[in-house]
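Student: Numbering (my numbering), first residue to last: 9 to 528.
1) Using 8 Å as the limit for Cβ to Cβ distance, is residue 297 near chain D?
2) Are the CB atoms of residue 470 and residue 416 within a distance shorter than 8 Å?
3) Between the C-alpha atoms of residue 137 and residue 310, what's the straight-line distance to the nearest angstrom?
4) Let's see if you can read the secondary structure: which residues bound the beta strand (DSSP E) around residue 478?
5) Closest to residue 354 by CA distance: which of 205, 421, 104 is it?
6) In three-state DSSP terms, what is residue 180?
7) Would you call residue 86 buried or exposed, if buried means 16 or more other Cβ atoms sit within 10 Å of its Cβ?
8) Among 140, 117, 123, which one has its Cα closest to the Cα of residue 164?
9) Please work out which residues of its chain come closer than 7 Å, Cβ to Cβ, to residue 181, disregarding the five sequence neighbours upstream and downstream, and give them in chain order.
10) Name the two residues that bound the continuous alpha helix (DSSP H) containing residue 410.
11) For residue 484 and residue 267, what's the separation of their Cα atoms in angstroms?
12) In chain order, which beta strand (DSSP E) runs of at least 3 residues are fully inside the segment 281–366?
13) Taking the C-alpha atoms as reference points, what is the distance between residue 227 and residue 434?
14) Would DSSP call residue 263 helix, strand or coil?
15) With residue 119 as the anchor, note down where its alpha helix (DSSP H) starts and where it stops.
16) Using 10 angstroms around the beta-carbon of residue 530, count the other beta-carbons present and answer buried if the total reaches 16, otherwise exposed.
17) Under the three-state reduction of DSSP, which class applies to residue 107: helix, strand or coil?
18) Would residue 383 be called buried (16 or more neighbouring beta carbons within 10 Å of its own) or exposed?
19) Leaving out the 5 sequence neighbours to the left and right, which residues in its chain are closer than 7 Å to residue 337 when beta-carbon positions are compared?
20) So what does DSSP say about residue 51, is it helix, strand or coil?
21) I'd like to check one pair, residue 83 with residue 150: are the Cβ atoms closer than 8 Å?
22) If you drop the 5 nearest sequence neighbours on each side, which residues of the same chain put their C-beta closer than 7 Å to that of residue 459?
23) Nearest to residue 466 by alpha carbon, out of 342, 94, 231, 47?
24) Taking the CB atoms as reference points, tell me whether residue 380 and residue 333 lie closer together than 8 Å.
25) I need the boundaries of the alpha helix (DSSP H) containing residue 134, first residue and last residue.
26) Across the segment 236–247 and the segment 339–350, are there enough close Cβ pairs to call them in contact, namely three or more that are closer than 8 Å?
27) Fully enclosed by the segment 193–243, which beta strand (DSSP E) runs are 3 residues long or longer?
28) What is the DSSP secondary structure of residue 165, counted as helix, strand or coil?
29) In the DSSP output, which residue or residues are listed as bridge partners for residue 371?
30) Taking buried to mean at least 16 other C-beta atoms within 10 Å of its own C-beta, is residue 269 buried or exposed?
31) What are the uninterrupted segments assigned as beta strand (DSSP E) that are 3 or more residues long and contained completely in the segment 440–475, given in chain order?
32) When burial is assigned at 16 or more other CB atoms within 10 Å of the CB, is residue 75 buried or exposed?
33) Could you work out which residue in 223, 250, 255 is closest to residue 262 when comparing CA atoms only?
34) Could you say which of 349, 400, 429 lies nearest to residue 412 if we only look at CA atoms?
35) Hey, how far is the Cα of residue 114 from the Cα of residue 313?
36) If you run the structure through DSSP and keep just helix, strand and coil, what is residue 531?
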């Protein structure tokens, strides 16, 4: 279950083939670049297969080089049990490995396949096949991890699609810049490799946006920094600082431009990727979000008046998403009390006070509305999706303290979170009235534990049922000194709640602060 090693293999494949320059490259020099031109290219199946093989080979070498570390996960299941389902389990790795490392690796595999001109479905198939081969063949001495097979390619899709779009966007910039070339190689590796192996010249771009890249990819980038005071019952108030970057890229032809049209789409044309880090005197943490609208319908009626866009747009479709939060930056009295409870005499019982939430948001409903007028604008977005998640459950330590002779879910004892199925919702709104700015964001997920798939069923004496939910919302109000900068006061709440075998705990903190944002 060390699939993160595989991503090195795709990087090793950069120079594994010669460029194939020729008539196609000459024609390329005459054609103007667009996302539609990229999508129309014939997929390189052979290249995708050998890149997948290279990734698996390098990952295998790394896995066996770290044999002493990996031996702790060796179960030596019967070969047939890997195919009849009896060796399929939920593993007990950290939430960082399962809901960040594996999704990132799945995203790399997906983005390389997309860079080879595979369709969204084709790229997902390559990512899924890579994950399945790793679990069934490479890790033959371990049980098959159901969560890895599901989350690696599933969460890898929205991450990888956003990286692919970012790679296409960066590839349209000037190719004589060393800094830009480094950014392309880092964030758009699959696109860079494909262009090099094809021997194609740099894209011909005639219409550039404010950043110097093709205007045929609509973008909305935001950089933010904030500071606030956190209030939580049972602990002293403390300061927390955070910074974030959010990218939104759309390859749907005509999107956001002064045009009126309505069109269906089915090529995952709308992608969002966000990263946020936070820190306090207690520690640090990281949050990641990704979302891709796979298919749907978009309608807009926009025109340019006096240099500004006016009109409205509406999008409805189905999206797949990913959310991750793991943080030691916050303290809650309820959690501190829970981790101090007496625990069973087990070598793998290790109380965890971190905030933990990782979720694959399965295909569900996506709705977006955008209204632009002379007085300002209004933007609304919502998601409602089935969800598979790992969620922290400090309430388990209360149950364990009252059942010292019992042994329950291994992942709860060892990592402090449980796997569950449920539903997730995301809502966001932003309002501009002249120089005034307002906004609201909400994330909610509720889950019921998946029982009966423990990594070590022979050790269980009580498979405790767990339910829980995660809620985070924030409102902001401020001013915009310029069209691209804003300063806002914020008020928000973050809450974790769990019930383990009838014992419940709620951790809740209120944040009051200020945030500065820059749009570019």
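Using N, Cα and C, we set each Cβ at its ideal position, and we do this for glycine too. Just so you know, these numbers come straight off a predicted model, no measurement behind them.
Tutor: To lay it out plainly:
1) No chain D appears in the structure shown, which is made up of a single protein chain.
2) Yes, these two residues count as a Cβ contact at 8 Å.
3) In this model, residue 137 and residue 310 are separated by some 42 Å (Cα to Cα).
4) Where residue 478 is concerned, the enclosing beta strand (DSSP E) stretches over 474–490.
5) Of the listed residues, the one whose Cα sits closest to residue 354 is 421.
6) DSSP places residue 180 in coil when its eight states are reduced to three.
7) Counting the other Cβ atoms within 10 Å of the Cβ of residue 86 gives fewer than 16, which makes it exposed.
8) Closest by C-alpha distance to residue 164, out of 140, 117, 123, is 117.
9) Only 188, 220, 221 meet the Cβ criterion.
10) Following the DSSP letters along the chain, one finds residue 410 inside the alpha helix (DSSP H) bounded by residues 403–410.
11) One C-alpha to the other measures close to 32 Å.
12) With a minimum length of 3 residues, the continuous beta strand (DSSP E) runs that stay inside the segment 281–366 are 291–313, 316–335.
13) Rounded to the nearest whole angstrom, the C-alpha separation of residue 227 and residue 434 is 21 Å.
14) If DSSP states are grouped into helix, strand and coil, residue 263 belongs with coil.
15) Per DSSP, residue 119 is one residue of the alpha helix (DSSP H) stretching across 110–123.
16) Any question about residue 530 goes unanswered here, given that the chain covers just 9 to 528.
17) If DSSP states are grouped into helix, strand and coil, residue 107 belongs with the helices.
18) Classification for residue 383: exposed.
19) These residues qualify, in order along the chain: 248, 286, 287, 288, 290, 291, 292, 293.
20) For residue 51, the three-state secondary structure derived from DSSP is coil.
21) Their beta carbons are under 8 Å apart, which means residue 150 touches residue 83 by this criterion.
22) Correct list, in chain order: 471, 473.
23) Among 342, 94, 231, 47, the Cα nearest to that of residue 466 belongs to 94.
24) In this structure, residue 380 sits away from residue 333, with a CB-CB distance that is not shorter than 8 Å.
25) Looking at the DSSP string, the run of the alpha helix (DSSP H) that includes residue 134 is 128–141.
26) Counting C-beta pairs closer than 8 Å gives three or more between the segment 236–247 and the segment 339–350, which meets the contact rule.
27) Annotation: the segment 193–243 contains the following complete segments of the beta strand (DSSP E) (minimum length 3 residues), in chain order: 226–239.
28) DSSP places residue 165 in helix when its eight states are reduced to three.
29) DSSP lists no partner for residue 371.
30) By the Cβ neighbour-count rule, residue 269 is exposed, with fewer than 16 other Cβ atoms within 10 Å of its own.
31) Counting whole runs of 3 or more residues, the segment 440–475 contains the beta strand (DSSP E) stretches 444–457.
32) Residue 75 comes out exposed.
33) In this structure, 223 is the residue among 223, 250, 255 with its C-alpha nearest to the C-alpha of residue 262.
34) Nearest C-alpha to residue 412: 349.
35) Rounded to whole angstroms, residue 114 to residue 313 spans 44 Å at the Cα level.
36) As shown, the chain starts at 9 and ends at 528. That puts residue 531 outside it, with no answer to give.
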